[in-house]
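Protein chains in written order, with the numbering used here: chain A, 1 to 202; chain B, 203 to 404. Backbone N, C-alpha and C fix where the C-beta goes; we use that ideal spot for every residue, glycine too.
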């Protein structure tokens, strides 16, 4: 059966959920309460979200994955694979996150306070990494390199998002992404001529 | 009350758990069954492990954290912070993992087949990252750089462990760590003169 269409149901459910999570915490909030606050039924909730946790992740993570992978595929070949990933992240930042600083910060606070949400967040991040690695494969020498590049890109993303959600400066997320990429390049640059020599354990 | 000392209880419980997980899966195995197979009581199990999941993680993750952070602190200043992390990981590899390839592979298979174990693994990895960042702070310009370096180190670790547990070649884990570090340096090296230029979304 087709789910009945409810105008703006997703947005109303998410707004209601955010309010309730802030008022009484994630764990104490039930799906019934979220639906009631949004003026909808539990059934409508479950037409849109698999569980209470998903209200914080959908449709953001799907959209982000689509934008980032589409942009990687469309990127000119001259860009290095890692630059292509960061380009995709920049477009997603401008399209999805830039205008929603307050909502992103509040969402981050709720997630950080709740272990089961952190776990879901980690799983979403792993899924994004896999999708990026798939999109990178034609640009990389082998599959291992594509996976490593995707992970390096996620590291840039995670670093930039954390700095952007914690700052009081009014700078766009894209600046933090560009800066995190520079910082990662600084951190991985070989600063000494010596290779790593570790004593063998005997 | 002091827990009663059981000779080799941890090792016996872990061996029993591994056997049962392989035979009937993680989810279908109970703590009572693990204790029985090991010839011990449930109570002894809970003296050593907080829950069924921990039998796959303790004491390995605590030991690894101690070795890696101790080695970072003791590292000569000439090594770059990232090289210091990889040095710590090399020592842990030689001490803890090198001789246990089969057990590490089997453990990895069990974790990959069970979402709740993957979540625990991700949380352990986050805890290791934090401990490494703390150990790196005196070597880094600021706390943000220490965190980013720790994450880059974990990326090297994760990449090397995956390759080592999937390979049929008989090469030591330390080779995979050195190689993953080189690969990360290759992936992050700027290959074009152009900075990333992304079209502004208008």
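Contact list for residue i against chain A, beta-carbon separation under 9 Å
i: residue 306 of chain B; result: Within chain A, no residue comes near residue 306 of chain B; the closest Cβ sits about 17 Å away, beyond 9 Å.
i: residue 369 of chain B; result: Correct list: empty, because the minimum Cβ distance to chain A is about 11 Å.
Cross-chain neighbours of residue i in chain A, by beta carbon under 7 Å
i: residue 246 of chain B; result: Under the 7 Å cutoff, chain A gives no residues; its nearest Cβ is about 27 Å from residue 246 of chain B.
i: residue 361 of chain B; result: 148
8 Å contact criterion, which residue i and residue j should meet: CB distance rounded
i: residue 247 of chain B; j: residue 233 of chain B; result: 5 Å
i: residue 18 of chain A; j: residue 106 of chain A; result: 6 Å
i: residue 387 of chain B; j: residue 190 of chain A; result: 6 Å
i: residue 48 of chain A; j: residue 71 of chain A; result: Between residue 71 of chain A and residue 48 of chain A the Cβ distance is about 26 Å, and since that is not below 8 Å, they are no contact.
Neighbouring residues, chain B, relative to residue i (Cβ below 8 Å)
i: residue 187 of chain A; result: 283, 284, 347, 350, 351, 354
i: residue 119 of chain A; result: 321, 324, 325
Nearest-angstrom Cα separation, counted from residue j out to residue i
i: residue 119 of chain A; j: residue 126 of chain A; result: 11 Å
i: residue 67 of chain A; j: residue 178 of chain A; result: 18 Å
i: residue 159 of chain A; j: residue 217 of chain B; result: 39 Å
i: residue 204 of chain A; j: residue 24 of chain A; result: Chain A is shown only over 1 to 202; residue 204 of chain A falls outside these bounds and no answer can be derived.
i: residue 212 of chain B; j: residue 258 of chain B; result: 11 Å
i: residue 147 of chain A; j: residue 136 of chain A; result: 8 Å
i: residue 63 of chain A; j: residue 280 of chain B; result: 45 Å
i: residue 8 of chain A; j: residue 102 of chain A; result: 20 Å
i: residue 35 of chain A; j: residue 110 of chain A; result: 19 Å
i: residue 300 of chain B; j: residue 369 of chain B; result: 14 Å
i: residue 278 of chain B; j: residue 113 of chain A; result: 38 Å
i: residue 108 of chain A; j: residue 22 of chain A; result: 12 Å
i: residue 318 of chain B; j: residue 325 of chain B; result: 11 Å
i: residue 140 of chain A; j: residue 39 of chain A; result: 50 Å
i: residue 385 of chain B; j: residue 145 of chain A; result: 8 Å
i: residue 176 of chain A; j: residue 50 of chain A; result: 33 Å
i: residue 180 of chain A; j: residue 295 of chain B; result: 29 Å
i: residue 58 of chain A; j: residue 171 of chain A; result: 26 Å
i: residue 52 of chain A; j: residue 65 of chain A; result: 21 Å
i: residue 91 of chain A; j: residue 276 of chain B; result: 43 Å
i: residue 291 of chain B; j: residue 27 of chain A; result: 37 Å
i: residue 215 of chain B; j: residue 323 of chain B; result: 19 Å
i: residue 187 of chain A; j: residue 282 of chain B; result: 8 Å
i: residue 284 of chain B; j: residue 41 of chain A; result: 52 Å
i: residue 203 of chain A; j: residue 345 of chain B; result: Nothing in the structure corresponds to residue 203 of chain A, since chain A is present only between 1 and 202.
i: residue 84 of chain A; j: residue 239 of chain B; result: 53 Å
i: residue 29 of chain A; j: residue 96 of chain A; result: 27 Å
i: residue 104 of chain A; j: residue 256 of chain B; result: 33 Å
i: residue 33 of chain A; j: residue 340 of chain B; result: 49 Å
i: residue 69 of chain A; j: residue 245 of chain B; result: 50 Å
Partners in chain A for residue i, counting only beta-carbon separations shorter than 8 Å
i: residue 385 of chain B; result: 144, 145, 148
i: residue 357 of chain B; result: 148, 151, 152, 155
i: residue 266 of chain B; result: Those do not exist, as residue 266 of chain B stays about 14 Å from chain A at its closest Cβ, beyond 8 Å.
i: residue 226 of chain B; result: Going along chain A, no residue has its Cβ under 8 Å from residue 226 of chain B, so there is no contact; the nearest lies around 25 Å.
Where residue i meets chain B, residues with beta-carbon distance less than 7 Å
i: residue 56 of chain A; result: Under the 7 Å cutoff, chain B gives no residues; its nearest Cβ is about 16 Å from residue 56 of chain A.
i: residue 108 of chain A; result: In chain order: nothing, as chain B lies at least about 15 Å away.
i: residue 14 of chain A; result: Simply none; closest approach about 23 Å.
9 Å Cβ cut-off: residues of chain B touching residue i
i: residue 36 of chain A; result: Within chain B, no residue comes near residue 36 of chain A; the closest Cβ sits about 30 Å away, beyond 9 Å.
Taking contact to mean at least 3 C-beta pairs separated by less than 8 Å, is the region 151-159 of chain A in contact with the region 340-354 of chain B? yes
Inside the region 352-398 of chain B only - alpha helix (DSSP H) runs reaching at least 4 residues: 375-390
Cβ pair count under 8 Å reaching 3, the region 120-132 of chain A against the region 361-368 of chain B: no
Could I get the ranges of all uninterrupted alpha helix (DSSP H) runs contained in the region 241-268 of chain B, with 4 residues as the minimum, in chain order? 244-250
Entirely within the region 275-334 of chain B and at least 4 residues each: give me those alpha helix (DSSP H) ranges in chain order. 283-294, 303-314
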